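Undergrad:
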Amino acid sequence: MVSASLDMLEESLVKKIDVMKKIEEENERQRELLKTPDEVNQAEFDEILDIKGELIEQLIKLDDGFQSLFDRVKEDVNKDKDMYKLQIGRMQEYIKDITGLSASIEAAERRNKKMAEEYFSAARQKMNFNRQTSAAAYNYYTTMTNYKDVPPQFLDNKN
Numbered sequence: 015m016v017s018a019s020l021d022m023l024e025e026s027l028v029k030k031i032d033v034m035k036k037i038e039e040e041n042e043r044q045r046e047l048l049k050t051p052d053e054v055n056q057a058e059f060d061e062i063l064d065i066k067g068e069l070i071e072q073l074i075k076l077d078d079g080f081q082s083l084f085d086r087v088k089e090d091v092n093k094d095k096d097m098y099k100l101q102i103g104r105m106q107e108y109i110k111d112i113t114g115l116s117a118s119i120e121a122a123e124r125r126n127k128k129m130a131e132e133y134f135s136a137a138r139q140k141m142n143f144n145r146q147t148s149a150a151a152y153n154y155y156t157t158m159t160n161y162k163d164v165p166p167q168f169l170d171n172k173n
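Mapping of the sequence shown onto my numbering: position 149 corresponds to residue 163, and the numbering continues sequentially without gaps.
1) Our contact map puts Ala-122 next to Arg-45 with C-beta atoms below 8 Å; I'd like the distance itself, whole angstroms only.
2) Please give the ranges of any beta strand (DSSP E) in the segment 106 to 144, keeping only runs that are unbroken, at least 3 residues long and fully inside the region.
3) At the level of alpha carbons, what is the spacing between Tyr-108 and Glu-68?
4) To the nearest angstrom, how far is it from the Cα of Ile-37 to the Cα of Ile-119?
5) For Glu-40, which residues in the same chain have their Cβ closer than 8 Å to its Cβ, ignoring the five residues on either side in sequence?
6) Can the beta-carbon of Met-105 be found less than 8 Å from the beta-carbon of Leu-48?
7) Spatial neighbours of Gly-103 within its chain, please: CB distance less than 7 Å, with the 5 preceding and 5 following residues excluded, ordered by chain position.
8) If you draw a straight line from the C-alpha of Glu-24 to the C-alpha of Gln-101, how long is it?
9) At the level of alpha carbons, what is the spacing between Gly-79 and Asp-94?
10) Roughly how far, in whole angstroms, is the beta-carbon of Ser-17 from the beta-carbon of Arg-86, given that I think they are within contact range, below 8 Å?
11) Just the C-alpha distance for Met-34 and Gln-146, rounded to the nearest angstrom, thanks.
12) Are Met-22 and Leu-83 closer than 8 Å when you measure CB to CB?
13) In this structure, does DSSP put Val-16 in helix, strand or coil?
14) Just verifying my parser: in three-state terms, what is the DSSP assignment at Lys-75?
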């Protein structure tokens, strides 16, 4: 039973690595998209965020499942560490890989967050400019519609 549980734990770690690699791919897509803030495709940006959200949910489920299974076999493994030495060693390697991927993902997320903030700042400025232009046009329109036909003030009356 313990050996089968350790196999399941290994499988969970492998799946976690696969999911984390997919998150890295989506981070790269997001970085490429945000590289040119003036040409960001909003639908694609939203799609990337949705995909990353689903992948993060998968990671959480994998973590929860791993932790609950690990808690069940922890004592048995500690009793016979030598018996499970190979499996424990493989899992330690997977955990090192996961730690490296985690650091890489965090760095990419920080970089993408900064790029997204720049994009949203530029979008806000563009909206403010459009709002000001619209307000100026509206003021001009209302001024002109309220303007009455005023005859010339200086008349040249030559007799």
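Note that beta-carbon positions come from the ideal geometry of N, C-alpha and C, so glycine has one too. Predicted, not measured: the structure shown is a model, and the values here were computed from it.
TA: Considering the structure as presented:
1) Within the sequence shown, the letter at position 108 stands for residue 122. Within the sequence shown, the letter at position 31 stands for residue 45. Indeed they touch by this definition, with Cβ atoms about 7 Å apart.
2) Taking only runs of at least 3 residues, no beta strand (DSSP E) segment lies wholly in the segment 106 to 144.
3) As a position in the sequence shown, residue 108 is number 94, starting the count at 1. As a position in the sequence shown, residue 68 is number 54, starting the count at 1. About 22 Å.
4) Position 23 of the sequence shown, counted from the first residue, corresponds to residue 37. Position 105 of the sequence shown, counted from the first residue, corresponds to residue 119. Rounded to whole angstroms, Ile-37 and Ile-119 show a C-alpha spacing of 7 Å.
5) Counting from 1 along the sequence shown, the entry for residue 40 is found at position 26. Hits under 8 Å: Ile-62, Ile-65, Lys-66, Leu-69.
6) Numbered from its first residue, the sequence shown carries residue 105 at position 91. Numbered from its first residue, the sequence shown carries residue 48 at position 34. For Met-105 and Leu-48, no; Cβs fall outside 8 Å.
7) Position 89 of the sequence shown, counting from 1, holds the residue named residue 103. Counting only Cβ-Cβ distances below 7 Å, and skipping sequence neighbours, we find nothing.
8) The residue labelled residue 24 in the question sits at position 10 within the sequence shown. The residue labelled residue 101 in the question sits at position 87 within the sequence shown. Spanning the two alpha carbons is a distance of roughly 8 Å.
9) Here residue 79 corresponds to residue number 65 of the sequence shown, with the count starting at 1. Here residue 94 corresponds to residue number 80 of the sequence shown, with the count starting at 1. Their Cα atoms are separated by approximately 23 Å.
10) Residue numbering aside, residue 17 sits at position 3 when the sequence shown is read from its first letter. Residue numbering aside, residue 86 sits at position 72 when the sequence shown is read from its first letter. Under the criterion of beta carbons closer than 8 Å, Ser-17 and Arg-86 do not qualify as touching, at roughly 14 Å.
11) Taking the sequence shown and counting its residues from 1, one reaches residue 34 at position 20. Taking the sequence shown and counting its residues from 1, one reaches residue 146 at position 132. Straight through space, the alpha carbons of Gln-146 and Met-34 are spaced by roughly 45 Å.
12) Indexing the sequence shown from 1 puts residue 22 at position 8. Indexing the sequence shown from 1 puts residue 83 at position 69. Cβ atoms of Met-22 and Leu-83: closer than 8 Å.
13) On the sequence shown, position 2 is the one that residue 16 refers to. Val-16 falls in the helix class under three-state DSSP.
14) One-based indexing of the sequence shown puts residue 75 at position 61. Taken through DSSP and simplified to helix, strand or coil, Lys-75 comes out as helix.
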